[in-house]
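**Student:**
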Amino acid sequence: MLDLQTGAWTERNADGAPPTARRGASFVVLSQKSAYLFGGESADRVRRQDMFLLHLGSGSSTVPRWEAVVYGDLLTVPPARTEHTATVVPLFEQAGAPLGMIIFGGMDGDSRPLADLHEFDFDTWTWRELSPTGTPPTARKGHAACLLLNSLLAVFGGGNPEVPAVHAEPGWPSPPP
Amino acid sequence: MYADVALYDLRRNSWTQTTAVGSELPAGRDGHSMVAIDDTVYIFGGVNAKGEKMGDLWAFNAYSAVSGQLQWSRPTPMSDTPAPRWGHAALASVGTLLLLGGSGTEDDALLNDAWQMTAGCSGNMTLTAARGAFTDGAGYALNNLDCRWHMKPAVAHSNVLLFFSNLDIADPNDRLSIYDGDTVNAPLLASYTGSTIPPSVRPSPHGAIALRPGLGLGLSVRGLTPDPDPNPNPNPSP
Numbered sequence: 002m003l004d005l006q007t008g009a010w011t012e013r014n015a016d017g018a019p020p021t022a023r024r025g026a027s028f029v030v031l032s033q034k035s036a037y038l039f040g041g042e043s044a045d046r047v048r049r050q051d052m053f054l055l056h057l058g059s060g061s062s063t064v065p066r067w068e069a070v071v072y073g074d075l076l077t078v079p080p081a082r083t084e085h086t087a088t089v090v091p092l093f094e095q096a097g098a099p100l101g102m103i104i105f106g107g108m109d110g111d112s113r114p115l116a117d118l119h120e121f122d123f124d125t126w127t128w129r130e131l132s133p134t135g136t137p138p139t140a141r142k143g144h145a146a147c148l149l150l151n152s153l154l155a156v157f158g159g160g161n162p163e164v165p166a167v168h169a170e171p172g173w174p175s176p177p178p
Numbered sequence: 002m003y004a005d006v007a008l009y010d011l012r013r014n015s016w017t018q019t020t021a022v023g024s025e026l027p028a029g030r031d032g033h034s035m036v037a038i039d040d041t042v043y044i045f046g047g048v049n050a051k052g053e054k055m056g057d058l059w060a061f062n063a064y065s066a067v068s069g070q071l072q073w074s075r076p077t078p079m080s081d082t083p084a085p086r087w088g089h090a091a092l093a094s095v096g097t098l099l100l101l102g103g104s105g106t107e108d109d110a111l112l113n114d115a116w117q118m119t120a121g122c123s124g125n126m127t128l129t130a131a132r133g134a135f136t137d138g139a140g141y142a143l144n145n146l147d148c149r150w151h152m153k154p155a156v157a158h159s160n161v162l163l164f165f166s167n168l169d170i171a172d173p174n175d176r177l178s179i180y181d182g183d184t185v186n187a188p189l190l191a192s193y194t195g196s197t198i199p200p201s202v203r204p205s206p207h208g209a210i211a212l213r214p215g216l217g218l219g220l221s222v223r224g225l226t227p228d229p230d231p232n233p234n235p236n237p238s239p
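Protein chains in written order, with my numbering: chain A, 2 to 178; chain B, 2 to 239.
Spelled out as structure tokens, the structure:
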């Protein structure tokens, strides 16, 4: 952990059930007390749809603790993916708009890019796939997202692993045959 | 690689695509970071379609994106900047952008450096360009902010002309002070608070000026411009 006042790093060992090693996972902090990790892929490129909660506790004396999230409803869990985005957002359809999380896009188990939106409820640990109107962005992975004006999820960039990178933008020379 | 900005409206459950206006656009990329500080969205780095790691910083205003006229800008760095990278982590914390690690240009070497970016101003900045605009940033300044701009154009024998496009200081105890010299110990030329745009300032012709906004909340100064005299004296007195 990095102390923003002093600039000093300290290595913190966490208790509990840690996630397996992975890359391309998302990790969001909720209200400075907990953090949620979702998905990603293992070293042998197996994509994940599991989720882990890191209890941060309060103060530097608390030992952080991992907890494997047991989903409320297995049928609504998003397909496994890596290089997606996860963003903490208000859930306006619920009274008082409690904080939830939205994941968008990424790359699925067959390395296909995704353009789906799923919402996670931190209270019930259930997922819900959203069916938005309008035209979604093209399927993509490796993009970035953030919450804007407390009411919008903004997505920028990303790529499509099915399109060779050198062909992705016009005006560049074709690769040698 | 994509370079578009899409917006999902959480209340209306709908997607909209934004249209970027203006000639400068960031290259398509992935593995970059995107962070919102107040109403400004920043993107940094990533890897472009040619596989090159990037270290560029871009910004757009949230309201411009919502209005459908998204205008990208490239904030001028006032310090060293992080080396090009992709796959790094970034987050916003109390008005600053924090950036950590990633994969760099040399054989994708993994990085473990941490950076902090303060939008607007922080500490001492020396401005050497012949012409430019600078600001302490939009929105509220952090508590105990003490940033100083030192104008010293690289052009020899230049004079400095400073003019203001905006001044918005909420607390009368906070002040913007302009000094006629290299340091805040130099003679005080002027000191302002409130929101009346001050007249332009032309300090004595030695090409150096120091500015210090006061401490505290609610300071916003925009568009202060060092501008060398168009007809500098070719034979300045020693």
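Beta carbons are placed, not taken as given, at the ideal position from N, Cα and C, and that holds for glycine. These numbers come from a predicted model, not from an experiment.
(1) Short check: CB of threonine 86 of chain A to CB of arginine 129 of chain A, under 8 angstroms?
(2) So with CB distances below 7 angstroms, who are the chain B contacts of arginine 141 of chain A?
(3) Run the CB neighbour count on glycine 97 of chain A, radius 10 Å, all protein chains shown included, and call it buried at 16 or more, exposed below.
(4) Using alpha carbons as the reference points, say which of B:Gly103, B:Ala37, B:Leu111 and B:Ala131 lies closest to leucine 153 of chain A.
(5) Can you confirm whether alanine 87 of chain A, when its beta carbon is compared against all beta carbons of chain B, has any partner nearer than 8 angstroms?
(6) Indicate whether arginine 12 of chain B and phenylalanine 93 of chain A have their beta-carbon atoms separated by less than 8 angstroms.
(7) So which residues on chain B does glycine 160 of chain A lean against when the C-beta distance must stay under 9 angstroms?
(8) For isoleucine 44 of chain B, return the contacting residues in chain A, with the cut-off set at a CB-CB distance below 8 angstroms.
(9) Can you find a C-beta in chain A that's less than 8 angstroms from the C-beta of threonine 20 of chain B?
(10) Helix or strand or just coil, what does DSSP make of threonine 259 of chain B?
(11) Cβ of serine 152 of chain A less than 8 angstroms from any chain E Cβ?
(12) Report the partner residues of cysteine 147 of chain A according to the DSSP bridge assignment.
(13) Using the C-alpha atoms, what's the distance from proline 27 of chain B back to tyrosine 3 of chain B?
(14) For phenylalanine 121 of chain A and chain B, any beta-carbon pair shorter than 8 angstroms?
(15) Nearest to proline 1 of chain A by CA position, among A:Gly17, A:Gly25, A:Thr127 and A:Ala26, is which residue?
(16) Measuring CB to CB, does lysine 54 of chain B end up less than 8 angstroms from proline 85 of chain B?
(17) Serine 43 of chain A by DSSP, collapsed to three states: which one?
(18) Quick check on DSSP: helix, strand or coil for tyrosine 37 of chain A?
(19) Taking the alpha-carbon positions, what's the valine 47 of chain A to serine 35 of chain A distance?
(20) When the Cα atoms are used, what is the spatial distance from valine 30 of chain A to methionine 35 of chain B?
(21) For a test of the three-state rule: what should DSSP assign to valine 30 of chain A, helix, strand or coil?
(22) Taking 8 angstroms as the threshold (beta carbon to beta carbon), is arginine 75 of chain B in contact with chain A?
(23) Check alanine 66 of chain B in the structure and name its three-state DSSP category.
(24) Using 8 angstroms as the threshold, is the C-beta distance between valine 48 of chain B and arginine 30 of chain B below it?
(25) Please tell me whether proline 83 of chain A and alanine 146 of chain A are closer than 8 angstroms, where the distance is taken between their beta carbons.
(26) Roughly how many angstroms separate the alpha carbons of leucine 149 of chain A and valine 156 of chain A, rounded to a whole number?
(27) Does DSSP put methionine 2 of chain B in a helix, in a strand, or in coil?
**Tutor:** So, from the data block:
(1) no
(2) Tyr3
(3) exposed
(4) B:Ala37
(5) no
(6) yes
(7) Met2, Tyr3, Gly29, Arg30, Asp31, Gly32, Val48 and Ala50
(8) Ala145, Phe157 and Gly158
(9) no
(10) Nothing can be reported for residue 259 of chain B, as the shown portion of chain B is limited to 2 through 239.
(11) Among the protein chains of the structure shown, namely A and B, there is no chain E.
(12) A:Ala155
(13) 10 angstroms
(14) no
(15) Limits of chain A in this structure are 2 at one end and 178 at the other, which puts residue 1 of chain A out of reach.
(16) yes
(17) coil
(18) strand
(19) 26 angstroms
(20) 16 angstroms
(21) strand
(22) no
(23) helix
(24) yes
(25) Correcting the residue type first, residue 83 of chain A is threonine in the shown sequence and not proline. Result no, Cβ atoms of threonine 83 of chain A and alanine 146 of chain A do not sit closer than 8 angstroms.
(26) 10 angstroms
(27) coil
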